[in-house]
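Chains as they are written, first to last, in my numbering: chain A, 1 to 315; chain B, 1 to 315. Quick reminder that beta carbons are idealized off the backbone N, C-alpha and C, glycines included. Working notes for the structure below.
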DNA sequence: ATCTTCACATAAGTATACCTTAACTGAAGT
DNA sequence: ACTTCAGTTAAGGTATACTTATGTGAAGAT
C-alpha cells in the first residue's frame, strides 16, 4: 500500500485515543461523537493493515503497532500545534511573554516593570523566570534576556553595553573596609553564576587590578546572582556585584561601591527574539523601554575606571 | 478564533508549498490540481487571519507568519511520517536493517553475513555501519549492535558474554616477542576506541596482570578498533585485541595470542531493538543466528585466564 | 510594442470523506 | 436479571476537498 501518510484526521483521532486510552474521551476532546472516532480508528487500521488497539470489553489497549505509532504521533501533533500557536501569536499584539534569569528578573526587571506596565496598559505582560534556554516557537516566548556570550545564530540580537563588576557592600560595612587591602580580611561573597566566564571575573582578578596577589579561600557562596546581592544588602559581606544586578540597590543606598575600579567582561545581557518579530508592536515597545532604562543608568559607568578582564595582568 | 489545530489537509498543503516554494510543485507532490492547493492555502490563511504567502507574479515567498509556521510544520509532518513508516515496517517481515559500529561490521559481521543470508534467503538484509546512536523509529533501524555499558531504558537488550582483551600479533612477530617482558620493547598498537572504558582496559593494565609496572609512551594509535587489528595483522606491532574484533583473524591464523592472560571489562556487545519487536520473524532469526555465532567461538575463552579489570591491582 | 508563457486565483459543479443520530453488543457492576 | 458502560455498526445528511474550466497579471520572447 501507500508508504505515505494516512488520512490525517484518522491519525489525529488515533493520537487522541492513545493519549486518553479511551475512544469516548478522545471523541470528547475532538468534539465528535464516539461513533465517528470509532470509524476513524477503523479506517486507520485498514490503511495500516493491522489493528492498533486491542478491544477489551471495558477498555482498550495498544497493540505493538499502536505502541510504535503513538509516541511519534503525539510528538508530531505537538510540534504542529506549537508551530500553529506561535504563528497565531504573531497577530496578537496585546500579549508579550518575556523570559529572563531569576537574578535579572528579581534585581532589575521586577522593580522597573511597573513603569512599563503603566506606559503600555494595552500590553498584557507575562513573565517566565527561568535559566532554561527556551525555544521561541515551542515555549511560546517572545523575548529572552540572557547573560552570556554570543553568537546566537538565527536570532535577532540587540546589543547592550558590556557588563562589569565591582565590590559592593552595605554602607555599614563600607565604614569598616575602606581600602582594597582591608578587603582581604573582609567576609567575601562569591557569586557562582558567573563562574562560567572565561577569563574568570572573580575576586582574585579584582585584587590583581589593585596590585594585590590574593586568592581568598573562604566566604559565602551563592549559585544565583540576586542571592549574592541580597546577602550583601543584608550586611553579610562584600560581593563582586554585576552592574545590572547591583544598580537598583546602589541607587537606593542599600549598597555602596566605594572602590572605583571595575572589571569588564565580554559577556553582557542580550535582548533576543526570533528574527522578524522585533517589529511587532509590543516587542518594539519593550525593546525601546529596555534600551531607555539601560541608558538611564549609563552615567554610572563614568564614575568607574573600567578595566577589560583580558587586560588584567595574569597572576 | 480557535487556538486548536487548523484543518490538517490545509496544513499539509502549506507544508508542501513552503518546502517547494511553489504551489504547482506542491500540488504535484500531493497528487492534486494546483487549484485545489490554492484553495487549501487560502482556507488556511483565513483560519489564521493573515496571509502566509506573498504572491509575486512569478513566484511566492513566505510572510513572517509563513516563516514562523513552516519549520514547525515540516518537523511535525516529518515526525508523523517517520512514526507511520516505522509502524508499517512492523508487518514487513522481509526486511531487516541492522546498524553496528564500523569495527564490528568489518571484523565480525561482514565475514559471517554470507552464512546468514544463505540460511534466510527470504530476509532482505540492509546494513548501516555508523557509530551514531540511532533512533529506532526515526532512523528506521530494526536492530543495533553496540559496544558499551548498559542500561538502555526502554529497549530490549539481549545479554551477550562480556568482552575481554589480550595481546595479539602476527605469527612472525610472535617469534620475536615470546615473554610478557619482551613486549616492553615491542612496537605497541593503541586502540583508542576503548578509551572511554572506566576502569581503563589498556596496556598498563595488562602489564600489571603480569606483575610489570610499565606505561608505554609511544606506539601507533588508531581511533577505530578494526584499524588497530588490521595493523597488527600487517605486522606493524602488537595490539590489545578485543575478543570480538580479533576472533576472525585468530581463527584464520593471521593473528596469534601467545599470552594466555586476558582482561575482562564490564562493557560488552549488546543486541538492541525496540521492545516488542524481538518477536518479529526476521529479528528473532537474526538474534538466534547472532547468539549461535557467538557460542561457536565461546570455547576460545577457556584457553585464557580471564581477569576482571576491577581485580587488577592499582599501580 | 505585442504575444506568449507561466504561476497562481477564481467559479461552478461534483464526489467523497466525515459526522450525526439511532440501534446494537457484550461484559462488568449492582 | 437489570443497568451501565465502552465501543461497534448502519443509514443518511452535510460540509469538505477535489476537479475542470476560465481568468489575471507580470516576465520574457519575438
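Does DSSP put residue i in a helix, in a strand, or in coil?
{"i": "residue 98 of chain A", "result": "strand"}
{"i": "residue 280 of chain A", "result": "coil"}
{"i": "residue 1 of chain A", "result": "Since pLDDT at residue 1 of chain A reaches only 44, below the 50 mark, its modelled position is unreliable, and no value is offered."}
{"i": "residue 272 of chain B", "result": "strand"}
{"i": "residue 149 of chain A", "result": "coil"}
{"i": "residue 131 of chain B", "result": "coil"}
{"i": "residue 259 of chain B", "result": "coil"}
{"i": "residue 212 of chain A", "result": "coil"}
{"i": "residue 161 of chain B", "result": "coil"}
{"i": "residue 15 of chain B", "result": "helix"}
{"i": "residue 29 of chain B", "result": "helix"}
{"i": "residue 312 of chain B", "result": "coil"}
{"i": "residue 241 of chain A", "result": "strand"}
{"i": "residue 124 of chain B", "result": "strand"}
{"i": "residue 143 of chain B", "result": "strand"}
{"i": "residue 220 of chain B", "result": "strand"}
When we look at the beta-carbon of residue i and count the other beta-carbons within 10 Å, is it buried (16 or more) or exposed?
{"i": "residue 196 of chain A", "result": "exposed"}
{"i": "residue 68 of chain A", "result": "buried"}
{"i": "residue 45 of chain B", "result": "buried"}
{"i": "residue 1 of chain A", "result": "With a pLDDT of only 44 at residue 1 of chain A, under 50, the local geometry of the prediction cannot be trusted, and the value read off the model is given with reservation. Residue 1 of chain A comes out exposed."}
{"i": "residue 97 of chain A", "result": "buried"}
{"i": "residue 16 of chain A", "result": "buried"}
{"i": "residue 227 of chain B", "result": "buried"}
{"i": "residue 10 of chain A", "result": "buried"}
{"i": "residue 299 of chain A", "result": "exposed"}
{"i": "residue 170 of chain A", "result": "buried"}
{"i": "residue 243 of chain A", "result": "buried"}
{"i": "residue 257 of chain A", "result": "buried"}
{"i": "residue 64 of chain B", "result": "buried"}
{"i": "residue 318 of chain A", "result": "Summary: the structure shown does not reach residue 318 of chain A, with chain A confined to residues 1 through 315, and so no result is reported for it."}
{"i": "residue 75 of chain A", "result": "buried"}
{"i": "residue 27 of chain B", "result": "buried"}
{"i": "residue 182 of chain A", "result": "exposed"}
{"i": "residue 33 of chain A", "result": "exposed"}
{"i": "residue 35 of chain A", "result": "exposed"}
{"i": "residue 249 of chain A", "result": "buried"}
{"i": "residue 107 of chain B", "result": "buried"}
{"i": "residue 101 of chain B", "result": "buried"}
{"i": "residue 66 of chain B", "result": "buried"}
{"i": "residue 72 of chain A", "result": "buried"}
Would you please state the rounded distance, in angstroms, between the beta carbons of residue i and residue j? I believe it to be under 8 Å.
{"i": "residue 313 of chain B", "j": "residue 240 of chain B", "result": "Going by Cβ atoms, the distance from residue 313 of chain B to residue 240 of chain B rounds to 18 Å, so no, they are not a contact pair."}
{"i": "residue 286 of chain A", "j": "residue 163 of chain A", "result": "Going by Cβ atoms, the distance from residue 286 of chain A to residue 163 of chain A rounds to 20 Å, so no, they are not a contact pair."}
{"i": "residue 143 of chain B", "j": "residue 83 of chain B", "result": "Actually they do not touch by this definition, with Cβ atoms about 19 Å apart."}
{"i": "residue 147 of chain A", "j": "residue 189 of chain A", "result": "Going by Cβ atoms, the distance from residue 147 of chain A to residue 189 of chain A rounds to 18 Å, so no, they are not a contact pair."}
{"i": "residue 263 of chain B", "j": "residue 307 of chain B", "result": "6 Å"}
{"i": "residue 56 of chain B", "j": "residue 14 of chain B", "result": "That pair is no contact at about 17 Å."}
{"i": "residue 23 of chain B", "j": "residue 37 of chain B", "result": "5 Å"}
Looking at the ligand PLP, does it come within less than 6 Å of residue i, judged from the CB to the closest heavy atom?
{"i": "residue 309 of chain A", "result": "In the structure on display, the ligand PLP does not appear, and there are no ligands present to speak of."}
request  = Check each residue of the stretch 80 to 97 of chain A: if its Cβ is closer than 7 Å to any Cβ of chain B, include it; give the result in chain order.
outcome  = 80, 81, 82, 83, 84, 85, 86, 87, 88, 90, 91
task = Taking a Cβ distance cut-off of 8 Å, strictly less, list which residues of the stretch 264 to 292 of chain A are near chain B, in chain order.
result = 274, 276, 277
query = Which runs of the alpha helix (DSSP H) fall wholly inside the stretch 49 to 121 of chain A and span at least 4 residues, in chain order?
reply = Segments of the alpha helix (DSSP H) lying fully in the stretch 49 to 121 of chain A: 64 to 89, 110 to 119.
The stretch 138 to 172 of chain B: positions lying closer than 9 Å to chain A by Cβ = 138
ask   = Listed from N- to C-terminal order along the chain, which residues in the stretch 57 to 70 of chain A have their beta-carbon within a distance smaller than 7 Å of any beta-carbon of chain B?
value = 64, 65, 67, 68, 69
message = Quick check for students: name the residue ranges of the alpha helix (DSSP H) that lie wholly in the stretch 163 to 205 of chain A, counting only runs of 4 or more.
response = Runs of the alpha helix (DSSP H) inside the stretch 163 to 205 of chain A: 171 to 176.
query = In chain order, what residues of the stretch 3 to 17 of chain A put their CB closer than 8 Å to some CB of chain B?
reply = 3, 4, 5, 6, 8, 9, 11, 12
request  = Give the residues from the stretch 35 to 52 of chain A that approach chain B closer than 7 Å (Cβ to any Cβ), ordered along the chain.
outcome  = 48, 49, 50
key: Near-chain B residues of the stretch 233 to 260 of chain A (beta-carbon distance less than 8 Å), N- to C-terminal order   = none
ask   = When Cβ atoms are compared, which residues of the stretch 170 to 194 of chain A fall closer than 7 Å to chain B?
value = none
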